[in-house]
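One structure is given below, encoded as structure tokens.
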Amino acid sequence: MDICQLICDDQHKQRRRFAILDEIDRSDAETLVVIWARLATFLEVHAASVEKHFYPALLRIGEGAGSKDTPVAETRDGIGDHNDIRDAVAEVALHAVGSDDWYAAITAAREANSDHMAEEERESLADFRRHASLERRHRLAVAFATFAAQHFSGVNTKNRDVGSYVRIHQ
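Each residue of the sequence shown is one higher than the last, beginning at 461 in our numbering.
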């Protein structure tokens with residue numbers, strides 16, 4: 461088991477769950493509500509687990525990858541992206557389910573999440589694969605999976621102060 465693979469697996473599930481929303485009739489508000497609620501919860505649990513287990517380890521051993529020169533830059537960007545995704549998810553709740561505004565908010569959440577996943581795949585995950593031992597990746601995967609299982613029904617949603625997060629975990 462490898463934390464990098466678990467993160468990528470979660471990203472695939474996120475993409476698929478957004479795609480499921482595309483396939484539901486917009487007049488079926490009951491189905492849209494439950495599918496969106498599950499996806500919103502999944503996004504937050506994933507972000508919380510990454511923030512608890514992956515980024516602190518990246519800060520300790522990463523060296524930077526892609527357009528980010530340091531693990532601090534990668535982590536700052538990742539936490540900022542998580543905040544943007546949280547904000548976009550919160551925006552969805554402000555609109556009538558199935559309305560044009562609701563779908564526009566869903567699209568904004570999807571775009572924020574897609575942009576984040578792409579950056580994470582080519583920067584943070586690549587950096588971590590290069591510098592973390594398989595043993596470390598396995599230990600973190602176990603902790604990541606345990607956290608997700610313990611919090612499958614959700615976690616407290618709150619934005620992180622990026623500067624404080626980096627100072628605490630560096």
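Note that beta-carbon positions come from the ideal geometry of N, C-alpha and C, so glycine has one too.
Please identify the residue among the options whose C-alpha is closest to the C-alpha of residue i.
i           : options            : result
residue 615 : 550, 504, 535, 511 : 504
residue 476 : 521, 597, 570      : 570
residue 496 : 507, 487, 480, 506 : 480
residue 588 : 473, 515, 626, 492 : 515
residue 526 : 580, 592, 488      : 580
residue 474 : 583, 545, 619      : 545
residue 467 : 558, 561, 605, 567 : 605
residue 472 : 590, 486, 578      : 578
residue 590 : 548, 492, 531      : 531
Check for me: the alpha helix (DSSP H) holding residue i runs from which residue to which?
i           : result
residue 525 : Unbroken run through residue 525: none, as it is neither H nor E.
residue 603 : 594-610
residue 565 : 560-582
residue 613 : Element bounds for residue 613: n/a, residue is neither H nor E.
residue 514 : Where residue 514 is concerned, there is no enclosing alpha helix (DSSP H), given that its DSSP letter is neither H nor E.
residue 632 : Residue numbering for the chain in the displayed model covers 461 to 630; residue 632 lies beyond these limits and cannot be assessed.
residue 500 : 489-509
residue 557 : Note, residue 557: premise wrong, no alpha helix (DSSP H); not H, not E.
So, at 7 Å on beta carbons, what are the nonlocal neighbours of residue i in its own chain, with the 5 sequence-adjacent residues on each side left out?
i           : result
residue 607 : 509, 512, 513
residue 573 : 474, 503, 545
Beta-carbon within less than 8 Å of residue i's beta-carbon, same chain only, minus the 5 sequence neighbours each way: which residues are those?
i           : result
residue 540 : 622
residue 629 : 515, 516, 519, 535
residue 488 : 558
residue 549 : 500, 503, 504, 569, 617
residue 585 : 464, 467, 468
Considering only residues of the same chain and omitting the five flanking positions on each side of residue i, which have a CB-CB separation below 6 Å?
i           : result
residue 576 : 541
residue 499 : 477
residue 561 : 555
residue 462 : 597, 601
Give me the Cβ distance between residue i and residue j, rounded to the nearest whole Å; I'm assuming they're in contact under 8 Å.
i           : j           : result
residue 631 : residue 464 : Here the chain has residues from 461 to 630 only, and residue 631 is not among them.
residue 528 : residue 583 : 5 Å
residue 543 : residue 627 : At roughly 16 Å, the Cβ-Cβ gap does not stay under 8 Å, so residue 543 and residue 627 are not in contact.
Let me see if you follow: with CB-CB separation under 8 Å, is residue i close to chain D or not?
i           : result
residue 465 : In the structure shown, chain D cannot be found, because there is only a single protein chain.
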